[in-house]
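In our numbering, the protein residues as written are -7 to 329. Just so it is clear, CB atoms sit at the ideal spot from N, CA and C, and this is done for glycine as well. Note that the structure is predicted; figures quoted are calculated from it, not measured.
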Amino acid sequence: MKKLLLGTALCLAAMTPAAMAQDVSACLITKADTNPFFVKMKEGAEAKAAELGVTLKSYAGKIDGDHETQVAAIETCIADGAKGILITASDTSAIVQSVQQARDAGLVVIALDTPLTPIDAADATFATDNFLAGELIGKWAAAKMGAEAANAKIAMLDLAVSQPSVDVLRDQGFLTGFGIDVADPNKWGDETDPRIVGHDVTAGNEEGGRKAMENLLAKDPMINLVYTINEPSAAGAYEALKSIGRENDVTIVSVDGGCPGVANVKDGVIGATSQQYPLQMAALGVEAIKAWADSGAKPEPTPGKDFFDTGVKLVTDTPADGVESIDSAEGTNLCWG
-7 MKKLLLGTAL CLAAMTPAAM AQDVSACLIT KADTNPFFVK MKEGAEAKAA ELGVTLKSYA
53 GKIDGDHETQ VAAIETCIAD GAKGILITAS DTSAIVQSVQ QARDAGLVVI ALDTPLTPID
113 AADATFATDN FLAGELIGKW AAAKMGAEAA NAKIAMLDLA VSQPSVDVLR DQGFLTGFGI
173 DVADPNKWGD ETDPRIVGHD VTAGNEEGGR KAMENLLAKD PMINLVYTIN EPSAAGAYEA
233 LKSIGRENDV TIVSVDGGCP GVANVKDGVI GATSQQYPLQ MAALGVEAIK AWADSGAKPE
293 PTPGKDFFDT GVKLVTDTPA DGVESIDSAE GTNLCWG
């Protein structure tokens, strides 16, 4: 099988007249259609599909974690004769059988943002280095707290009990960056460090973040550092803290880099966030499906990694020594949503 080398953008193989005349259809399947991250991903895919003449159909789970709807969407894409599928998996293991059925039917399947379990269950993965994204906010939090990091009381606001790979990678990256032993790096919740008050799940939305924060505050009202899986859950955590008058003495860190999240960095709601680039993920994914349809070429991962790294930057207005970052003004120029 020929391979397609990826640089800062995909290089499409030369097309024969027959290939150029071929109708190419693709599917985008996201976790949900309300999170700004997935909205921007859809916009990026639609724009690139229009540019390349690809027919794109989009599907989404009812909520983050709804893998049954994603499985049904995969089956629909196979039946419709799509050339490829871009998917952000809600359950990275539960959909693998359906993904394999799609690949067996001749579709190229590309995971966006969230690697499947195992990662080679998809033909390729275009994603943020989610461990690095977590590690950056962990290092920043440790540097910000200084000697007081030894006395931290940390709330861990994760995504889902199924622990999809993106959930585990960000969580374990944060703890590693903060200097906490993660025990088994392939799951969260088995750590024994007493600084961790507990883990709760948010479904990646604001209401889930608020409820999870309330639950952990009930366990220890003196929490002073909050890790959140994404910025909507961070906003919910902030509201829970604000309701008890603690919004100014607790540091919240997150991952996403959407425009609302960057605005929350500027306003002091979020101390630091790791910014990712969903539009690029989706655009590269559509290019890869077009290349597969035209030439049978598949994308190569970033050298030294098992996925194509679409980049991450730490956004904060309180820079910390030894942790490279950009401020909210620059983050605003790069944000999405």
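- Just so you know, the alpha carbons of R187 and G45 end up roughly 53 Å apart.
- Looking at the DSSP output, M148 shares a beta bridge with H191, Y219.
- Taking a C-beta distance under 7 Å as the contact criterion, Y219 and V245 qualify as a contact pair.
- With respect to the 7 Å criterion, P311 and S317 are classified as neighbours on the basis of their beta carbons.
- S225 and L99 have their C-alpha atoms some 34 Å from each other.
- Proximity to K258 across P291, M273, V307 peaks at V307, based on C-alpha coordinates.
- According to DSSP, K179 shares a beta bridge with no other residue.
- For Q267, the uninterrupted beta strand (DSSP E) run begins and ends at 264 to 267, by DSSP.
- Here P28 is buried, its C-beta having at least 16 other C-beta atoms within 10 Å.
- Here A289 is actually not in contact with L78; their C-beta atoms are around 16 Å apart, not less than 8 Å.
- The three-state reading of DSSP puts D248 in strand, counting E and B together.
- For L99, the secondary structure class from DSSP, reduced to helix, strand or coil, is coil.
- Judged by their CB atoms, D96 and H59 are not nearer to each other than the 7 Å cut-off.
- With a contact defined as Cβ atoms closer than 8 Å, H191 and M137 miss out at about 20 Å.
- In the structure shown, S17 adopts extended strand secondary structure according to DSSP, grouped into three states.
- Residue pairing by DSSP places I77 opposite C19, V101 in a beta bridge.
- With respect to the 7 Å criterion, Q268 and G249 are classified as neighbours on the basis of their beta carbons.
- Non-local C-beta neighbours of K145 in its own chain, meaning closer than 8 Å and more than five positions away in sequence, comprise R187, V189, D212, M214, I215, N216, L217, ordered along the chain.
- Partner residues in the beta bridge of Y51, as assigned by DSSP, are I21.
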